[in-house]
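Residue numbers (my numbering): 2 to 714.
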């Protein structure tokens with residue numbers, strides 16, 4: 002048999018088996034999720050390095066569970082009356098790598114630039130290795146199964162690379178065969194496949210995923226934005242799909258072994274170009290998720306895994322993080338935030354921070370214990386609550402994440418391989434735009450619903466929102482663009498900031514924006530120098546709200562010398578508004594006294610558009626000297642009750658909260674659109690003070706705490 006034909010046939014078979022397994026696994030996880038009951042209380046979990054030494058003291062401090070490592074005897078936890086979660090039942094090396102596994106590969110590629118070395122250690126694309134991991138996970142789960150098992154965390158900080166590090170893995174034989182089969186499925190004609198990949202191949206058996214270096218050499222360095230990122234996008238999409246399929250296969254097997262136990266991942270990150278971290282694809286069938294508070298990952302987990310048990314991690318803050326604020330207040334704000342978003346529990350890192358050398362509780366433990374006691378009733382009542390979103394949708398698109406990574410990394414040159422997750426968190430336009438829009442809408446009193454761009458066309462037909470937000474949405478396929486235009490003509494309101502639909506869904510650059518006609522944009526520049534938002538920050542400064550794009554003109558707009566701002570176009574009763582403003586900068590502006598003017602102006606413009614869409618916040622909170630950073634979340638509790646959770650969302654600047662808290666809780670006025678029977682949830686010593694039937698009441702808000710107002714009727 003011809004060797005190339007055999008390789009192609011084997012790849013197609015492997016991909017088909019892999020895809021079928023992934024589908025079965027996803028169905029199994031989703032099906033089993035129906036058997037996972039909601040939490041009955043808020044779990045207080047301590048991560049223990051020494052279970053035998055720490056279990057009993059943890060129970061004495063009020064913890065309800067501990068972490069149980071692979072192969073560890075749960076007896077100390079059981080003897081102390083504690084539950085536990087099973088952590089990393091397959092160990093490291095499949096869904097997550099240690100530095101000693103990853104660093105030699107990263108160094109070798111950075112030094113040699115030889116694509117043949119790009120083979121991931123312990124690749125999850127190897128069917129035998131994945132099957133062994135599945136068997137190990139099931140066996141370990143069965144070993145500790147029982148009423149004390151709270152959840153199973155298949156991996157902590159999972160990644161197809163290492164902490165989402167940018168590297169083009171994997172090129173093992175299994176991954177190459179599966180990639181070739183995937184390309185042939187998407188593009189059956191070889192000529193079309195070659196055009197997408199940007200390289201000529203004689204047969205599908207010769208196809209290789211383009212490397213980031215190859216794409217950067219071809220596409221970067223010109224005056225205009227890169228023209229064709231299709232091949233690179235396809236390679237990154239393949240990794241996202243492959244990694245999610247491996248996770249779902251593991252989760253499905255463990256979920257069948259323990260049908261009522263939540264199963265998923267801890268330490269999940271924000272969407273990234275590398276690492277397989279596409280949250281919509283990765284999280285949707287899981288029943289347990291613990292996201293890091295970075296890049297909107299918490300809100301994404303709530304959106305794409307709404308029925309999962311959602312946990313969070315708390316660790317003692319460092320001096321820089323405290324910034325002069327009291328430790329007790331800082332921790333109290335963290336704990337109150339967990340109740341405000343319906344978290345099922347918290348994982349405290351770790352026994353070494355909670356106990357001193359002599360076993361005595363540390364100041365961090367004391368602060369944590371006081372906060373848990375104060376908000377215990379609210380934490381237990383709100384555990385597993387669903388967040389009721391406003392009629393505002395924010396579109397999430399993974400191709401856009403990839404495109405922004407490429408644009409943000411232009412200045413990195415050959416050092417792009419060192420653009421690690423910690424750096425990306427501070428220098429990512431996609432993360433900054435997501436967080437900027439979330440905080441902007443939350444400061445205005447709304448809770449946006451995050452929706453994936455795939456399937457958006459169908460969703461708009463079934464349940465259209467009052468307002469559709471496109472946050473720095475560089476990529477949009479033609480079909481979805483047409484659906485958005487139809488939604489607007491039918492009376493919907495579309496709101497965008499900048500860069501909208503400059504690329505199609507495959508990351509081929511358009512000659513003009515795919516929604517330019519909808520917004521009434523008549524001229525725009527594709528020159529690199531005219532794109533004023535880079536690495537999450539706006540270039541230049543000055544008075545007022547800066548532009549995000551220079552040389553942009555519209556039919557109806559606010560005229561400026563460098564370009565137009567707030568381009569608008571009506572479509573019957575519908576409206577399309579293009580701000581041409583850097584919402585990505587809002588999170589940095591909102592708590593900065595020096596940026597009061599642009600932050601206020603941005604809120605004014607967006608509030609006006611939302612009002613024109615017929616939107617009003619579910620409640621208002623007013624008070625003398627009260628800052629604008631008031632998050633108002635509507636929770637639907639497990640028993641059906643509705644609660645308004647109110648908190649100052651300003652922990653990024655704890656000094657502000659400390660200043661507000663100098664004189665104790667502040668007098669505030671809580672208002673609803675209409676009179677309802679109200680009471681405070683979880684008052685002092687469990688008492689629920691009745692507020693009566695009213696649309697307006699006077700309350701007191703701890704700047705480091707939260708209010709929980711229950712609608713009793």
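C-beta: ideal position from N, C-alpha, C; glycine also. The model shown is predicted, which means the values in this text are computed figures rather than measured ones.
Comparing alpha-carbon positions, the option among 259, 299 and 258 lying closest to residue 268 turns out to be 299. Its Cα nearest to that of residue 86, the residue 45 stands out among 120, 45, 702 and 62. Excluding the 5 residues flanking it on each side, residue 59 has same chain C-beta neighbours closer than 8 Å at 47, 49, 67, 81, 83, 352 and 355, in chain order. Sequence-distant Cβ neighbours of residue 111 in its own chain, meaning closer than 7 Å and more than five residues away, are 418. Its chain contains 430, 433, 434, 437, 473, 534 and 537 as the residues whose beta carbon lies nearer than 7 Å to that of residue 585, once the 5 sequence neighbours on both sides are disregarded; these appear in chain order. Within the same chain, 368 and 371 come within 7 Å of residue 329 by CB-CB distance, once the 5 residues on both sides are set aside. Residue 52 and residue 75 have their C-alpha atoms spaced approximately 8 Å apart.
For the set 365, 292, 321 and 469, the Cα lying nearest the Cα of residue 394 is the one of 469. For residue 125, the number of other beta carbons within 10 angstroms of its own is at least 16, and it is reported as buried. In its chain, beyond the 5 residues on either side, 381 and 384 have a beta carbon closer than 7 Å to the beta carbon of residue 42.
For the alpha helix (DSSP H) assignment, the uninterrupted runs of no fewer than 4 residues enclosed by the segment 458-523 are, from N- to C-terminal side, 479-490 and 517-520. Short of 6 Å from the beta carbon of residue 340, and not among the five residues preceding or following it, lie these beta carbons of its own chain, in chain order: 376, 379, 380 and 383. Residue 258 and residue 136 have their alpha carbons spaced roughly 11 Å apart. Under the three-state reduction of DSSP output, residue 212 falls in the coil class, being neither helix nor strand. The beta carbons of residue 646 and residue 634 sit closer together than 7 Å.
Between residue 581 and the set 574, 595, 155 and 563, the nearest pair of CA atoms involves 563. Runs of the alpha helix (DSSP H) lying entirely within the segment 544-601 and spanning at least 4 residues, in chain order: 587-590. Within the same chain, 153, 252, 255, 256, 288 and 289 come within 6 Å of residue 264 by CB-CB distance, once the 5 residues on both sides are set aside. In the three-state reduction of the DSSP assignment, residue 58 falls in the helix class, which pools H, G and I. Contact between residue 94 and residue 71 does not hold, since their C-beta atoms are separated by about 12 Å, which reaches or exceeds 8 Å. The beta-bridge partner set that DSSP reports for residue 267 consists of 157 and 291. Bridge pairing for residue 88: 154 [DSSP].
Selection 617, 712 and 547 evaluated against residue 442 yields 617 as nearest (Cα-Cα). Spatial neighbours of residue 578 in its own chain (CB-CB distance under 8 Å, excluding positions within 5 residues in sequence) are listed in chain order as 494, 495, 496, 497, 520, 567, 568, 569 and 610. Annotation note: the segment 341-399 contains the following uninterrupted beta strand (DSSP E) runs of length 3 or greater, listed N- to C-terminal: 346-350, 387-389 and 393-397.
If you compare the alpha carbons of 664, 639, 165 and 673 with that of residue 620, the shortest gap goes to 673.
Burial of residue 504 is indicated by the presence of at least 16 other C-beta atoms within 10 angstroms of its C-beta. If you draw a 10 Å sphere on the C-beta of residue 129, you find fewer than 16 other C-beta atoms in it, and that means exposed. Counted as a single uninterrupted DSSP element, the beta strand (DSSP E) harbouring residue 453 occupies residues 450-453. Bounds of any alpha helix (DSSP H) do not take in residue 693; it lies within the beta strand (DSSP E) bounded by 691-702. Just so you know, the alpha carbons of residue 204 and residue 191 end up roughly 7 Å apart.
The residues 195, in chain order, have a CB closer than 6 Å to that of residue 201 in the same chain once the five nearest residues on each side in sequence are set aside.
Contact between the segment 177-192 and the segment 480-493 is absent, with fewer than three C-beta pairs closer than 8 Å.
Under DSSP, residue 438 forms no beta bridge with any residue.
Taking the Cα of residue 88 as reference, the smallest distance to any Cα among 114, 701, 145 and 57 is reached at 145. Straight-line measurement puts the Cα of residue 98 at about 23 Å from the Cα of residue 286.
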